[in-house]
Amino acid sequence: NSNLTRQEKALPPIHTLPVEDVLKNQVLALNNNSLPISENSNDAEVENAFFVADLGEILRQHIRWKATLPRVEPFYAVKCNPDPMVLRLLAALGTGFDCASKSEIQSILDLGVDPSRIIYANPCKQASFIRYAADKNVKMMTFDNAEELHKIKRYFPQAQLVLRILADDSKSLCQLGLKFGASLDSTAGLLRTAQELGLNMIGVSFHVGSGCFDENAFADAVYRAKCVFDQASELGFNLQLLDVGGGFSHERFGDGITFEKIAAVLGPAIDKYFPPNIRVIAEPGRYYAAPAFTIATHIIARRTVQRDRDETQFVDMEGVLDQIHSEEDQHSYMYYINDGMYGAFNCILFDHQIVHPKVLMKGGVFHFGIDLDEPKYKCSIWGPTCDSIDCVTKNGTLPELSPGDWLYFQEMGAYTICAASQFNGFRKSNVIYTTTEPSVLRTLQ
Ligand code: PLP
């Protein structure tokens, strides 16, 4: 965008090393208090937790999507992780964007993305945000109730409407159907209302729920969407867009759900029910963002829990400590780290994630993904705030660690930084960028 000033164009540095090396260099730099790769080089808080974002992983996920689900155009769900470099890269790669609010729309338009590459995919919108969308010519938007149709009629009658229907989200970690989605017995009425108001219906969307672990949920939802397309054509609408929402796993291997398993069911279902002239889009968030971010945290304190400890010294409202520390003969540890449930690890609470701590540095020596050949101890890992809900791992097993050692957690890109608070005065963890893909560097520079 030629209107941007030099200042606005300035990008944070992007390293060209594997994630492991960036983690190492940063910890070494922090330990030496030299901070060569942090923007905050005058910051005395040298042991702050930090993220490493592997932008190459975003590119690899995009290539994988194109190869595996070629008919479906990804519209990245900005809410999942609105990191400016991730958005910039995806914009350059040509994805569309699913925005939920005015400021998300604004951040995408500021990248120079054409408004036709945005879907305002929030079925219940603030009136002034609809006016903003109208002003910026962001036409595609979802709805799932009659009141919203009247609102859209008033503020943006030319909008291109996508009816969000209810999908079976019982096989998903985060069920969205409680809040959004028109049931199939209400869709005909909604289509009639849209017709009476003279609105421009263009398609149908659904969301099987975030963290979906049954690929058949997608096929079932596609069939439901086809039924609504039929209802619409009986009323004289000629719908052109199917939006298959989010919920895509990023996993590649294993017995659990993988992206390939979903594609193997979803792709054929789309082809069975929708002729090639129907445009198909999706709103993946987690798929792109989760695998690209790793967080490193510093152990700021440790409490040793003796086997014969005095039970009464702990306030253990949830029975957490008993669960962790009771059965073994050996003592166990409570480790306190400098990001937690009120920060990036809010995903444990809001997104039902289970996080896996690994040792990054112990006693000044790096261990990246290496299973240390030394005694392991039961442990719990706690965030830095004064609240006892701030527990990251209740029952871990790790080698004996000490304050000053570092842990890292992989796959921390989805629904983490974006919902982090600064509760108790702890600030959000910074992001350091890297890529080993030369084309990412060329794209972003
Ligand atoms: N689209 C909508 C409307 C959503 O609400 C969400 C997540 O809540 C997404 C897309 C992204 O879902 P996921 O990150 O599971 O792909």
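Quick note: the sequence shown uses full-length UniProt numbering, first residue 28, plus one each step.
Ideal Cβ positions, reconstructed from N, Cα and C, are used throughout, including at glycine.
Report whether the distance from the Cβ of residue 313 to the nearest heavy atom of ligand 1 is below 7 angstroms.
-> yes
Cross-strand partners of residue 104 (DSSP beta bridge) = 125
So, is residue 376 buried or exposed, given that buried needs 16 or more other C-beta atoms within 10 angstroms?
-> exposed
Taking one C-beta from the region 320-330 and one from the region 282-297 each time, how about it: are there three or more such pairs within less than 8 angstroms?
-> no
Please confirm whether residue 168 and residue 194 have their CB atoms less than 8 angstroms apart.
-> no
If you drop the 5 nearest sequence neighbours on each side, which residues of the same chain put their C-beta closer than 7 angstroms to that of residue 316?
-> 107, 108, 113, 440 and 441
How long is the line joining the alpha carbons of residue 215 and residue 191, rounded to whole angstroms?
-> 13 angstroms
Within 7 angstroms: the Cβ of residue 226 and any heavy atom of ligand 1?
-> no
Looking at residue 107 and ligand 1, is the gap between the Cβ and the nearest heavy atom below 7 angstroms?
-> yes
Label residue 424 either buried or exposed according to how many other C-beta atoms from any shown protein chain fall within 10 Å of its C-beta, with 16 as the threshold for buried.
-> exposed
With a 10 Å radius around its C-beta and 16 neighbouring C-beta atoms as the bar for buried, classify residue 465 as buried or exposed.
-> exposed
Going by Cα to Cα distance, which pick from 271, 322, 363 and 468 is closest to residue 101?
-> 271
By DSSP, does residue 227 sit in helix, in strand, or in coil?
-> strand
How about residue 238: is its Cβ closer than 7 angstroms to a heavy atom in ligand 1?
-> yes
Residue 325 CB to nearest chain B CB: under 8 angstroms?
-> Absence of chain B from the displayed structure is noted, only one protein chain being present.
Rounded separation between residue 122 and residue 103 - CA only | 7 angstroms
Below 8 angstroms on the Cβ atoms is my guess for residue 366 versus residue 80; work out the distance and round it to an integer in Å.
-> Not a contact, Cβ separation roughly 15 angstroms.
Would you call the CB atoms of residue 183 and residue 176 closer than 8 angstroms?
-> no
Out of curiosity, what's the CA-to-CA distance linking residue 370 and residue 451?
-> 10 angstroms
So, is residue 277 buried or exposed, given that buried needs 16 or more other C-beta atoms within 10 angstroms?
-> buried
Bridge-paired residues (DSSP) for residue 138 = DSSP output for residue 138 lists no bridge partner at all.
Cβ neighbours of residue 209 in the same chain (closer than 8 angstroms, five flanking residues each side left out) = 171, 172, 190, 191, 192, 193 and 217
Local conformation of residue 439 per DSSP, three classes | coil
Taking all protein chains shown into account, decide if residue 352 is buried (16 or more other Cβ within 10 angstroms of its Cβ) or exposed.
-> Confidence in residue 352 is poor, its pLDDT being 48 and thus under 50, which makes the residue's placement unreliable; the coordinate value appears in the next sentence. Buried: at least 16 other Cβ atoms inside 10 Å.
Roughly how many whole angstroms lie between the Cα atoms of residue 258 and residue 212?
-> 11 angstroms
Segment contact flag, the region 222-232 with the region 240-248, C-beta cutoff 8 angstroms, min 3 pairs = no
Residue 410 versus 449, 379, 368 and 430, residue with shortest Cα-Cα distance | 368
Provide the residue span of the alpha helix (DSSP H) that contains residue 259, from first to last.
-> 243-261
Note down the Cα distance separating residue 462 from residue 456, rounded to an integer number of angstroms.
-> 19 angstroms
Given residue 161, which residues of its chain have a CB within under 7 angstroms of its CB, disregarding the five upstream and five downstream residues?
-> 182 and 183
According to DSSP, what are the bridge partners of residue 359?
-> 332
Alpha carbon of residue 202 to alpha carbon of residue 164, nearest angstrom | 31 angstroms
Among 74, 44, 57 and 78, the one whose alpha carbon lies nearest that of residue 444 = 78
Any idea what DSSP makes of residue 9, helix, strand or coil?
-> There is simply no residue 9 to check, as the chain begins at 28 and stops at 472 in what is shown.
How should residue 399 be labelled, buried or exposed, when 16 other C-beta atoms within 10 angstroms of its C-beta is the threshold for buried?
-> exposed
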